[in-house]
Amino acid sequence: MSYVTVLGNRRRRTCTKSRDLVVFLCCFTSLSSYVLRILIIFLILNVFLQLWVALVLAANSSAWLGTAVLVTNLRNFPLSRGTVAGLLKGYIALSAAVFTEVMTMILNGSASAILLVFTLGIPIICLSLMYYVRPCTPSSEIDPSENAHFLFTQGTSLLLAIFLLTTTILKNSLNLDKTMSYTFIAIMVVLLLSPLAIPIKMTLFPARKKLIRPTESSDSLVSGDGDSKTDPLLTPSSSNANLMSYNDNDDGSGSDVNMLLAVGEGAIKMKKRRPRRGDDFSFREAMVKADFWLLWTTYFLGIGTGVTVLNNLAQIGSSLGFNNTDTLMSLFSFCNFLGRLGGGAVSEYFVRLNAIPRTFWTMATQIIMVLTYLLYASALNGTLYAATALLGTCYGVQIAIMISTSSELFGLKNFGIIFNFMQLGNPLGALLFSGMLAGYIYDTEEARQGTTMCMGPACFRFTFLVLACVCGIGTILSLILTLRIRPVYQMLYADGSFRLPQRSGH
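If you number the sequence shown the way the UniProt record's numbering does, the last residue is 506 and the count never jumps.
The following block contains the structure:
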């Protein structure tokens, strides 16, 4: 579906139209989905199929908007892909906590009220901010002020995450009055809007570009020869020499001219050069690359196992005797944010420092995930929170790494469809590992116990052992992928900064 975001991107006007179309489709699908839900809540519609359609529309609206924002920002900041991916995905990880704060502290937990806010708020915000999500001319070199702006945004997002985790714990532990709740919401809004300080600062205090005078011109002025100021750029002798050299090589270049004429007339077909890793690939060209499927498989194995624990985290806590699973979910969300933000920033630092492939961090996090699943399976006292924090962090790192790695290996020209195909690893992993594996084992153990709720470590122990083995396979594949793309990253980051890929002519 997100393929329209990358159609006709050879011209900025076409790209802007595609981006506007995607945002309009997001608004339409979002509005339609929430209107259907409101009708279902008020019993105007009560058909299961209509609820399914509403959920499909809502999920697609999220995919439309997420693709438009991610693709546009990666193209605007191609030299800081890890940082940009970590920031955008980090804010998405915090969005559920933000909406939960609004729902519980302002709307008093009213489902109909929050649906009304979503129905009207999402289209209004998307349409009002659509102008600012547009393609810009990217910088060809790293701007120190740009790095400072990214650091400021990362800092404010980290403060927001800490604030949300703290308020969630306080809300579950204490009875907050209206004044305190509104104060927390006001602070949250300020932290959310704090990145706006960057464009305001750039507008009020524009940076002055330092003009560096070329050394050649200054040397010529002080060379000591007064006539050098009026010397012509091209002397007759040099031009005659060039003409003579051209005539000398005329016989050799004639064959090249004849070859070009034959190609233009269709008599000879020149074989197009296939893109190399680091250039812009089409989706079809990327699919025949082994690195494409290695990246997809490692993402599928890592994210698929992680989302299995996320989907069953409340049941895991309940089976081990933890009644307050909200804190457990908040801890996972907070560490998920840290992983997304830190994964982008840390991989960006080391890839510039030593050209270390980003998939190295995928391998490292999957090793930690293997140990985490074994920790879950052991069900030792006091390890549930530690295992959840580790898993949430590793889960977030792999999301940020996949985005930046796929854009660097296969380019940004068709990144929309490549990214969304990679994203298929998430729902497929949930279907296979969560629905078919964890659900079946849980139901079997529940039936054996003869209760309505499975209790004890046996409910998920075998699932965790299988997930550890699966993640171990992902670790091996990540190592293979890292060794394969190591020369590519050494070429892309040879001078400590990303080399912009060449546009292929196909």
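From the three backbone atoms N, C-alpha and C, an ideal C-beta is built for every residue, glycine too. None of the values given here were measured: they were computed from a predicted structure.
Over the uninterrupted alpha helix (DSSP H) stretch that includes residue i, give me the two end residues.
i    : result
V47  : Unbroken run through V47: none, as it is neither H nor E.
G90  : R81 to M105
Q449 : G439 to Q449
T137 : Taken as a continuous stretch (DSSP letters only), T137 belongs to no alpha helix (DSSP H), as it is neither H nor E.
F184 : K178 to L193
K171 : P144 to S173
Q398 : L384 to F410
Q366 : T359 to S378
S318 : L313 to S319
L196 : Segment: none, L196 is in no alpha helix (DSSP H) and carries neither H nor E.
I480 : R461 to L492
C126 : A111 to L129
Classify residue i as buried or exposed, calling it buried when 16 or more other Cβ atoms lie within 10 Å of its own Cβ.
i           : result
Q423        : buried
M491        : exposed
residue 507 : In this structure the chain extends from 1 to 506, so residue 507 is not present and cannot be described.
Y182        : exposed
S33         : buried
V288        : exposed
F184        : buried
L331        : buried
V358        : Before going further, note that residue 358 is Arg rather than Val in the sequence given. Under this definition R358 is a buried residue.
R448        : exposed
N336        : buried
V189        : exposed
A207        : exposed
M453        : exposed
I125        : exposed
F205        : exposed
C27         : buried
W64         : buried
Y132        : exposed
K413        : buried
D443        : exposed
Report the CB separation of residue i from residue j in whole angstroms; it is logged as a contact under 8 angstroms.
i    : j    : result
S404 : G66  : Between G66 and S404 the Cβ distance is about 16 angstroms, and since that is not below 8 angstroms, they are no contact.
L428 : F283 : Contact flag wrong, Cβ pair sits at about 18 angstroms.
L279 : G416 : The question names Leu, but residue 279 is Asp in the sequence shown. Contact doesn't hold; Cβ gap of about 17 angstroms is too wide.
T29  : N60  : 5 angstroms
L333 : A96  : First, the amino acid is wrong: residue 333 is Ser here, not Leu. Sure, about 7 angstroms apart at Cβ, within 8 angstroms.
I198 : H149 : 5 angstroms
Q50  : I40  : 7 angstroms
C471 : T308 : Not confirmed; about 11 angstroms, so no contact.
In chain order, what residues of the same chain lie with their CB nearer than 7 angstroms to the CB of residue i, ignoring the 5 residues before and after it?
i    : result
A386 : none
L375 : T383 and A387
F462 : I441
M103 : G109 and I114
T119 : L31, Y34, V35 and I38
L159 : L191
Q154 : L87, L341 and A345
F437 : The residue you asked about is not Phe; residue 437 is Leu in the sequence shown. These residues qualify, in order along the chain: T463 and V466.
P123 : C27, S30 and L31
A355 : Y489, Q490 and Y493
F77  : V84 and P138
P195 : T153 and T156
T482 : P357, T359, F360 and M363
For the candidate residues the options, whose alpha-carbon lies nearest to that of residue i?
i    : options                   : result
L191 : V35, L341, F163 and A447  : F163
M369 : C136, S32, F464 and T166  : F464
Y493 : F350, N73 and L70         : F350
S173 : L116, N324, F42 and S406  : N324
A400 : T156, T362, T179 and L391 : T362
L193 : G306, A207 and F152       : F152
V84  : Y395, R486, G472 and S157 : S157
L477 : S378, N381, T365 and A379 : T365
M105 : I124, I187 and E408       : I187
L165 : V397, C471 and A389       : A389
W296 : E445, Q398 and P135       : Q398
E146 : T167, M202, T305 and A93  : M202
L57  : L25, L431 and P78         : L25
F360 : T298, F322, D177 and S128 : T298
K89  : N76, A111, Y395 and T167  : Y395
R486 : Y132, G472, L409 and F322 : L409
P135 : G425, L353, A68 and T168  : A68
Establish whether the CB of residue i and some CB of chain D are separated by less than 9 angstroms.
i   : result
V71 : In the displayed structure, chain D is absent; only one protein chain is listed.
So, at 6 angstroms on beta carbons, what are the nonlocal neighbours of residue i in its own chain, with the 5 sequence-adjacent residues on each side left out?
i    : result
V488 : R277 and G278
L338 : T393
L170 : none
Y373 : F464, L467 and A468
M130 : V23
V98  : none
G317 : T325 and L328
Go through its chain and collect everything with a Cβ distance to residue i's Cβ below 8 angstroms, but skip five positions before and after it.
i    : result
S319 : M453, C454, M455, G456, P457, C459 and F460
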